[in-house]
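**Q**
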Amino acid sequence: MTAIASFEQFLAFSDEVAAARAAGLPIVALESTIISHGMPYPQNVQTAREVQAIIRAAGAVPATVAVLAGKIRIGLSDAELELLGQSPEAMKVSRRDLPYALASGKIGATTVAATMICAELAGIRVFVTGGIGGVHRGAETSFDISADLQELARTSVAVVCAGAKSILDIALTLEYLETHGVPVLSVGQDNFAAFYTPDSGHRADFRLDSAAEQARFLQTKWALGLQGGVVISVPVPAAEAMPGSEIAAITEQALAEAASQGIQGKAVTPFLLARIKALTSGRSLASNIALVKNNAQAGAALALALTAQSHG
Ligand code: PSU
Ligand code: MN
Numbered sequence: 166m167t168a169i170a171s172f173e174q175f176l177a178f179s180d181e182v183a184a185a186r187a188a189g190l191p192i193v194a195l196e197s198t199i200i201s202h203g204m205p206y207p208q209n210v211q212t213a214r215e216v217q218a219i220i221r222a223a224g225a226v227p228a229t230v231a232v233l234a235g236k237i238r239i240g241l242s243d244a245e246l247e248l249l250g251q252s253p254e255a256m257k258v259s260r261r262d263l264p265y266a267l268a269s270g271k272i273g274a275t276t277v278a279a280t281m282i283c284a285e286l287a288g289i290r291v292f293v294t295g296g297i298g299g300v301h302r303g304a305e306t307s308f309d310i311s312a313d314l315q316e317l318a319r320t321s322v323a324v325v326c327a328g329a330k331s332i333l334d335i336a337l338t339l340e341y342l343e344t345h346g347v348p349v350l351s352v353g354q355d356n357f358a359a360f361y362t363p364d365s366g367h368r369a370d371f372r373l374d375s376a377a378e379q380a381r382f383l384q385t386k387w388a389l390g391l392q393g394g395v396v397i398s399v400p401v402p403a404a405e406a407m408p409g410s411e412i413a414a415i416t417e418q419a420l421a422e423a424a425s426q427g428i429q430g431k432a433v434t435p436f437l438l439a440r441i442k443a444l445t446s447g448r449s450l451a452s453n454i455a456l457v458k459n460n461a462q463a464g465a466a467l468a469l470a471l472t473a474q475s476h477g
């Protein structure tokens with residue numbers, strides 16, 4: 166019989182994250198697809214660094230996740246962020262891709278789904294991203310539903326985001342999350358956020374404004390043995406939001422272009438984000454960067470509250 170090796174051999178922590186684990190400090194996971202496929206160079210690498218700095222300034226430790234040389238790396242150096250930000254070979258790694266990326270020694274940037282898996286393996290409960298994947302518009306014919314949603318259904322990590330990306334069908338995304346028992350918490354407003362704009366027009370399940378309340382919710386869910394993730398929706402700050410009508414029209418145009426060019430599968434989301442950036446002369450990118458930084462503040466506060474409560 167062949168024994169299946171344990172997951173620990175695939176995990177490699179940076180010195181900073183290893184020290185934080187040993188000291189029981191709050192840690193916040195960060196994804197890397199947003200670096201490799203979500204934003205252009207050099208803003209991608211600069212944003213990744215600034216997000217890490219925001220988390221440190223708030224008293225938590227950032228752990229950017231990627232696959233490098235056969236290891237799940239938890240915490241990256243500046244040189245490694247540059248590699249992910251510049252390398253055309255970096256694969257977009259979701260749940261199905263993780264074994265391939267590891268076993269073949271490829272450079273892998275982890276999506277929300279894959280980062281949740283890696284965070285859970287590393288014992289990290291809070292993860293900050295821009296916007297989660299979801300049910301794409303036209304999914305009734307394309308079947309394009311992000312693996313992020315299935316991951317939220319099964320993996321016990323809180324995902325702090327600015328809602329679901331506005332390129333998606335947000336109503337169907339919320340229905341899917343409801344079916345799978347994934348709670349959607351909203352911060353500072355009743356409605357679920359819509360990435361570039363603060364208000365999707367759809368209510369979130371519960372409004373919990375303070376990090377302490379959010380932490381209590383998480384502790385309660387997981388103490389009950391209710392496995393799975395929680396979406397924590399933080400609206401983009403009003404000053405940095407895109408005008409709703411403009412983003413709606415441009416999204417329609419980008420979706421039409423994707424359809425006419427036959428863009429499919431994992432290429433859809435990166436294509437749409439890049440087209441929306443071009444069609445807004447970069448203003449959508451500024452808004453994307455602002456919302457990720459804002460999420461980093463909220464995520465760090467949540468990690469601190471969770472650590473304080475679990476010691477209390
Ligand atoms: N948030 C961003 N930019 C991104 C993403 C999230 O601000 O690029 C990425 C995440 O990695 C997410 C992925 O998991 O988009 C969704 O891709 P798909 O729709 O193919 O599942
Ligand atoms: Mn997809």
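The sequence shown maps to residues 166 to 477 in the numbering used here.
The beta carbon of each residue, even a glycine, is placed where N, CA and C say it ideally should be.
Which term fits His476, buried or exposed, when burial requires 16 or more other beta carbons within 10 angstroms of its beta carbon?
**A** Residue mapping note: residue 476 aligns to position 311 of the sequence shown, counting from 1. Exposed, because fewer than 16 other Cβ atoms sit within 10 Å of the Cβ of His476.
**Q** Under DSSP, the alpha helix (DSSP H) around Arg319 begins and ends at which residues?
**A** Taking the first residue of the sequence shown as 1, we reach residue 319 at position 154. Counting along the chain, the alpha helix (DSSP H) containing Arg319 begins and ends at 312-319.
**Q** What runs of the alpha helix (DSSP H), each 4 residues or longer, lie entirely inside the segment 229-291?
**A** Taking only runs of at least 4 residues, the alpha helix (DSSP H) segments lying wholly in the segment 229-291 are 243-251, 263-269, 277-286.
**Q** Okay, do the segment 336-345 and the segment 374-387 touch, 3+ Cβ pairs below 8 Å being the bar?
**A** Result no; under three Cβ-Cβ pairs closer than 8 Å.
**Q** Of the residues Ala274, Ala168, Ser242, Ala304, which one's Cα is nearest the Cα of His202?
**A** For this step, residue 202 is matched to residue 37 along the sequence shown. Of the candidates Ala274, Ala168, Ser242, Ala304, the one whose C-alpha sits nearest the C-alpha of His202 is Ala274.
**Q** Should Ile169 be labelled buried (16 or more other beta-carbon atoms within 10 Å of its own) or exposed?
**A** Here the question's residue 169 lines up with position 4 in the sequence shown. Result: exposed.
**Q** With a threshold of 16 other CB atoms inside 10 Å of the CB of Pro253, please say whether the residue is buried or exposed.
**A** Your numbering for residue 253 matches position 88 in the sequence shown. Per the 10 Å Cβ criterion, exposed.
**Q** With a threshold of 7 Å (Cβ to nearest heavy atom), would Thr344 be considered close to the ligand PSU?
**A** Against the sequence shown, residue 344 aligns to sequence position 179. No, the ligand PSU has no heavy atom inside 7 Å of this Cβ.
**Q** Our contact map puts Ala193 next to Val322 with C-beta atoms below 8 Å; I'd like the distance itself, whole angstroms only.
**A** Taking the first residue of the sequence shown as position 1, residue 193 is located at position 28. Taking the first residue of the sequence shown as position 1, residue 322 is located at position 157. Looking at the sequence itself, residue 193 is Val, so the reference to Ala does not match. Not quite, the Cβ-Cβ distance comes to about 11 Å (not below 8 Å), so this is no contact.
**Q** Cβ-heavy atom distance between Gly203 and the ligand MN below 7 Å?
**A** Within the sequence shown, the letter at position 38 stands for residue 203. Answer for Gly203: no, Cβ out of range of the ligand MN.
**Q** When every heavy atom of the ligand PSU is checked, does at least one fall within less than 7 Å of the C-beta of Asn453?
**A** Here residue 453 refers to the residue found at position 288 when the sequence shown is read from its first residue. Checking the Cβ of Asn453 against the ligand PSU gives yes.
**Q** According to DSSP, what are the bridge partners of Ser351?
**A** For this step, residue 351 is matched to residue 186 along the sequence shown. Paired residues: Arg372, Ser398.
**Q** CB Ile412 to CB Thr362, shorter than 8 Å?
**A** Position 247 of the sequence shown holds residue 412. Position 197 of the sequence shown holds residue 362. In this structure, Thr362 lies closer than 8 Å to Ile412 by Cβ.
**Q** Taking three-plus beta-carbon pairs below 8 Å as touching, is the segment 329-342 in contact with the segment 235-253?
**A** Contact fails: fewer than three Cβ-Cβ distances are below 8 Å.
**Q** Have a look at Glu247 and Val258 and give me their C-alpha separation to the nearest angstrom.
**A** If you number the sequence shown from 1, residue 247 lands on position 82. If you number the sequence shown from 1, residue 258 lands on position 93. Roughly 18 Å separates the two Cα atoms.
**Q** Determine whether the Cβ of Ala376 lies closer than 8 Å to any Cβ atom of chain B.
**A** The chain inventory of the structure shown lacks chain B, comprising one protein chain alone.
**Q** In the DSSP assignment, what residue or residues form a beta bridge with Thr362?
**A** What you label residue 362 is simply residue 197 of the sequence shown in a count that begins at 1. According to DSSP, which records beta bridges pairwise, Thr362 is partnered with Ala359.
**Q** DSSP three-state call for Ala223: helix, strand or coil?
**A** For the purposes of this step, residue 223 is taken as the residue at position 58 of the sequence shown. Here Ala223 sits in coil by DSSP.
**Q** When you compare each of Tyr341, Thr306, Ala304 to Leu314 by their alpha carbons, which one comes out closest?
**A** Looking up residue 314 in the sequence shown gives position 149. If we check each option's Cα against that of Leu314, Tyr341 comes out closest.
**Q** With three or more C-beta pairs closer than 8 Å as the rule, is the segment 383-394 touching the segment 410-430?
**A** No, they do not touch.
**Q** According to DSSP, is Val409 helix, strand or coil?
**A** Position 244 of the sequence shown holds residue 409. A quick correction: the sequence has Gly, not Val, at residue 409. Looking at Gly409 - three-state DSSP - the assignment turns out to be helix.
**Q** Roughly how many angstroms separate the alpha carbons of Ile297 and Gln174, rounded to a whole number?
**A** Mapped onto the sequence shown, residue 297 falls at position 132. Mapped onto the sequence shown, residue 174 falls at position 9. Ile297 and Gln174: Cα-Cα distance of roughly 29 Å.
**Q** Residues in the same chain with beta-carbon distance under 8 Å from Asn460, minus the five sequence neighbours each way, listed in chain order, please.
**A** Counting from one through the sequence shown, the residue named residue 460 turns up at place 295. Taken in chain order, the residues that qualify are Val293, Thr294, Gly295, Val325, Cys326, Ala327, Val399.
**Q** How would you write the range of the alpha helix (DSSP H) that Ala329 sits in, first residue to last?
**A** Reading the sequence shown from its first residue, position 164 is the one you call residue 329. No alpha helix (DSSP H) contains Ala329, which DSSP labels as neither H nor E.
**Q** So the alpha helix (DSSP H) Leu471 belongs to, where does it begin and stop?
**A** Within the sequence shown, numbered from 1, the residue matching residue 471 stands at position 306. 448-476 is the span of the alpha helix (DSSP H), which, as asked, contains Leu471.
**Q** Report all residues from its chain with a CB closer than 8 Å to the CB of Gln462; omit the five preceding and five following residues, and keep chain order.
**A** Position 297 of the sequence shown, counted from the start, is the residue given in the question as residue 462. If we look at Gln462 and ignore the five residues flanking it on each side, its Cβ neighbours are Ile219, Ala223.
**Q** With 16 other CB atoms within 10 Å as the buried threshold, where does Ser171 fall?
**A** In the sequence shown, residue 171 corresponds to position 6, counting from 1. Exposed, by the Cβ-count rule.
**Q** Using the three-state DSSP reduction, which class does Ala177 fall into: helix, strand or coil?
**A** Along the sequence shown, one-based indexing puts residue 177 at 12. It is a strand residue.
**Q** Given this structure, state the Cα-to-Cα distance separating Lys442 from Gly240, to the nearest angstrom.
**A** Your numbering for residue 442 matches position 277 in the sequence shown. Your numbering for residue 240 matches position 75 in the sequence shown. The straight-line gap from Cα to Cα measures roughly 28 Å.
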